[in-house]
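Residues 1035 to 1123 in this note's numbering are what the sequence shown lists, from first letter to last.
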Amino acid sequence: MRLFRRRDVRRSVTSLIGQIRPGLPAAALTGGALLREDLGLDSLATVGLAVRLHDELGVDLAALAERAASVLTVDDLVTVLEELTHAAD
């Protein structure tokens, strides 16, 4: 497992969401933005995001799936990814 800095995890998350939802204004990608309601990530887009996070950060998909119910916002996702990748300051 590679180690990442917290800001790198956040940058990866916002960049990947922007790629999945290209028409989304950058200002919408706030920490409190709800993935489904505010950003429009449906179940298919969420799976695509998980696969891209696996490719980019090396996140274990099974471990991410176990935590999926607690991931509602961008901040929630960043927190889970920081835990799974052991991100440092």
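Heads up, the beta-carbon is just placed ideally off N, CA and C, and yes, glycines get one too.
- prompt: How is the alpha helix (DSSP H) around G1052 delimited, first residue to last?
  reply: R1040 to I1054
Collapsed DSSP secondary structure at T1107 in the structure displayed: strand
- request: Pick helix, strand or coil for L1068, following the three-state DSSP scheme.
  value: strand
task: Flag this pair as touching only if the segment 1062-1075 and the segment 1106-1116 have three or more C-beta atom pairs under 8 Å; answer yes or no.
output: yes
task: Identify whether D1094 lies in helix, strand or coil by the three-state DSSP scheme.
output: coil
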